[in-house]
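Which chain is which? The protein sequence lines are S and H, in order.
If you're matching positions, the first sequence starts at 1 in my numbering and goes up one per residue.
If you're matching positions, the second sequence starts at 179 in my numbering and goes up one per residue.
All C-beta atoms in this analysis are idealised placements derived from N, C-alpha and C, irrespective of residue type, glycine included.
Below is one structure, written out as structure tokens, with a few remarks after it.
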Amino acid sequence: MNQPNQIFTNPQVELDSLPVAEQMNMIPLEPDYKMIRYISSAIYAFMFITISWVIVWLQPALNPYGYIAATGITLFSWLMIVYSGVSFSYMSYAIRERDISYKSGWLWKSMTTIPFNRVQHCDIKQGILDRRFGLSKLTIYTAGGQNTDLEIPGLLPDTAEKLKAFILRSTEQSIENE
Amino acid sequence: MESTSHLYQPQRQSPKAVFLILLKYIRITIRQMWPILLIVLINPTSGKGIIITVIAFGIALISLIYSLVAYTRYYYFIQNNELCVRSGVFRKTVLNVPFDRIQSVDFKRNLVHQFLNVVSVQVDTAGSKGSELELDAIELGRAEELRDIVLAYKRARKVETSAGEGSIPPIPVIPPPAELILSLSSKDLIKIGVSENHLRTAAIIFAFFLSLADDLDQLLGWDIYGQLEDTTNAMSLVGILATLIAIPIFIGVSFSITLIRTVLKYYGLKFWREGQRFKLVSGLFTRNEKTIQQSKIQVIRWITSPLKRIFGIYQMNIYQATNVDSAQDRSLIIPGCYQQQVDHTLDTIVPEFKHAVFTSHRMHPAIVRLMVFLLGFIPAILFGLMAWYNEGTMQWLLVLVLPLSILMGYMYQTKRRLKIHPDFIVSEGGIFGNSYKLIEIYKVQCVHIESSPMQRRRGLASLHIFTAGGEISFPYLNAVIARQARDYILYRVEKEEKSWM
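Written out as structure tokens, the structure is:
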């Protein structure tokens, strides 16, 4: 198969000279956030496990399939708790002069980038667990809809405020230039 | 100019609005209570029937009084570059919509509107959901005046912001000359109607009859399902004959419904360009008028199905930047046009597209294996288990989903293309038909790349490109190309000085 090895064959710009998003220095999240992830996934796991075993108990007619399913759900929930901890170390963000990126995922990796001149607004949120550990979550919105909202959890409130101020300032500057 | 317009004083809608408001209430009431009304009609003399009739008349009388009061308390006017509406029967509400937040002013006329010579004005605003404003019945002249004032203000604002502060240019109220891009004749409409998706109509009719059967079951105690089961269980010659006759009738009915619906909905469709905006007018009974500012267009899509290809027609959708939460579809739909009209429309909206030379990227064949596994193999195993368990011979036919998925996966993979040009991205695809989606790179909002362990093993990734009017997603793309595309798109967006809308 004859596949082109560049996005276009006759570029107006030197494609190799473009800033490469992969080479940014990524900033990890606060270590305390790992605990928040463990706790919240443990709560969900506990809920799933309880519900499945209550159903097995109430509907004995389902057995032996009920036991198999409930055991499966229990194992899966434990795996989810482990995954939430492991994937923590793959969550990181990076800021460049004109955009912000967020990377996450251990097996399923993803990376989202939003240019500052496309930011609509940002907000900072704190959940119950976040407050307990003194952390904040920064969300950046674009006009592209819910799928494009960039959420960076596990930030110190101070860092979150600074990031927000920086993003909004950069957005304003880029709009003035237009 | 400001002083001459009546719109600056609070005023009521056209008196004809009372009639329309009343109709609206009656329609809502009937929609919610039709099963009860059905009983009354079938069995009017029963004790239940009389009580219900009395209640129905009571409700009708109350709605009449309510709509009269609602009409007299409803005022709209323009004040300080805001459109204000004062309303409320029991609690007063005042709604102010600044002109800056108004995205578009559209007119809609159904049969009653046409008869009374008024229009319903729909004001679409950017921002929080539920902030759309609808004026039920305004005289046509006044509605046009309102739209011209809003548009003139917006044009002036645009010039003002681009020219810097201080200089306020004169406001031109006269709309720019209109240029007709395409119109559909009755012959075109019939072709479009014939080639529409009849399966969808069939599904809707089927669902409607099912719910009808449910309602009748509960209301009248008719055991429709029981009777159906009896006949199907018997599987007599009569039953088979009935099915053989019913199927063509069913197909015929859904075919004619789609055809009639298409012709009525898109009757006399005309697509205009008026300076910086595009206008689409269509409909026989309900005359719809939709406008889109050229700068707000984000995504253009044109698709064709095997049926449509016989006639050589495409359906075109023009998507604009929209408030994602609002359920209303803000896209312009041209249900059918010929290749040449597609080219002409594209030429008008994105003139450089014609000369663009694209580099094509294909999807890795591994996508076929994934599709066959998820859409063919797993369902086939489930269906097979079910057929084996139920000992149903006919159910084994469902296992054919496996070869079907292989065929569809293969066709999908061969047709999918991501075409990149320094200014545009086109996503091509389709299984039985063809679809094309075009975006301008500088309008991109956000880029997202993801990869599963399976994809990484083959050096692949999924690329998602988001705009304010829709996205282009391309899974199983060469990871190097995906990253390069992302870096280039970001570079273009970040250095772009033109506003994306």
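Look at residue 19(S) here: in three-state DSSP terms it is coil, with no helix or strand label. In this structure, residue 561(H) lies near residue 576(H), with their beta-carbon atoms less than 7 Å apart.
Contact annotation: the stretch 81 to 91 of chain S does not touch the stretch 124 to 139 of chain S, with fewer than three C-beta pairs closer than 8 Å. From the listed residues 591(H), 474(H), 320(H), 566(H), the smallest Cα separation to residue 648(H) is found for 474(H). In the three-state DSSP reduction, residue 325(H) falls in the helix class (H, G or I).
Taking the Cα of residue 635(H) as reference, the smallest distance to any Cα among 656(H), 626(H), 465(H), 625(H) is reached at 656(H). When 7 Å is used as the limit between beta carbons, residue 551(H) is near no residue of chain S, the shortest such separation being about 17 Å. No Cβ of chain S is located within less than 7 Å of the beta carbon of residue 267(H). Under the three-state reduction of DSSP, residue 188(H) is assigned to coil, being neither helix nor strand. Going by C-alpha positions, residue 143(S) is about 6 Å away from residue 120(S). Under the rule that a run must span 3 or more residues, the beta strand (DSSP E) segments found entirely inside the stretch 635 to 662 of chain H read 638 to 645, 648 to 656. Chain-ordered, the chain S residues with CB closer than 8 Å to the CB of residue 499(H) read 143.
Against chain S, a Cβ distance below 9 Å from residue 278(H) picks out nothing, because the smallest value is about 15 Å.
In this structure, DSSP gives residue 482(H) an extended state, which the three-state scheme calls strand. For residue 659(H), the closest Cβ of chain S is nearer than 7 Å.
Judged by their CB atoms, residue 624(H) and residue 610(H) are not nearer to each other than the 7 Å cut-off.
One Cα belongs to residue 59(S), the other to residue 51(S), and the distance between them is close to 12 Å. Contact check between the stretch 197 to 210 of chain H and the stretch 168 to 175 of chain S: fewer than three CB pairs, one atom from each, fall below 8 Å, which does not count as touching.
Within the stretch 551 to 616 of chain H, the complete alpha helix (DSSP H) segments of 4 residues or longer fall at 556 to 568, 579 to 593, listed in chain order. For the options 571(H), 483(H), 491(H), 601(H), the alpha carbon positioned closest to that of residue 529(H) is the one of 601(H). Taking 7 Å as the cut-off, the beta carbon of residue 114(S) is found no closer than this to the beta carbon of residue 662(H). The alpha carbon of residue 331(H) has as its nearest neighbour, out of 539(H), 361(H), 272(H), 279(H), the alpha carbon of 279(H). Look at residue 8(S): its C-beta is under 7 Å from a C-beta on chain H.
Here residue 27(S) is bridged, per DSSP, to 93(S).
Residue 371(H) counts as buried, since no fewer than 16 other beta carbons sit within 10 angstroms of its beta carbon.
Within its own chain, the residues whose Cβ lies closer than 7 Å to the Cβ of residue 290(H), once the five positions on either side in sequence are excluded, are 198, 201, listed in chain order. Contact between the stretch 268 to 283 of chain H and the stretch 150 to 170 of chain S is not established, with fewer than three Cβ pairs separated by less than 8 Å. According to the DSSP secondary-structure assignment, residue 539(H) is paired through a beta bridge with 596(H). Residue 77(S) is positioned such that its CB atom lies closer than 7 Å to that of residue 48(S). The beta-carbon of residue 64(S) is placed no less than 7 Å from the nearest beta-carbon of chain H. Separation of the CB atoms of residue 479(H) and residue 614(H) is rounded to 7 Å, and the pair is thereby assigned contact status at 8 Å.
Taking a beta-carbon distance threshold of 7 Å, residue 302(H) does not count as an interface residue toward chain S. Contacts between residue 113(S) and chain H, judged by CB atoms closer than 8 Å, involve 624, 625, 626, 664, 668 in chain order. Counting along the chain, the unbroken beta strand (DSSP E) around residue 263(H) starts and ends at 260 to 265.
Collapsing the DSSP output to three states places residue 434(H) in a helix. Proximity of chain S to residue 473(H) at the Cβ level (cut-off 9 Å) is not reached, the minimal Cβ distance being about 12 Å.
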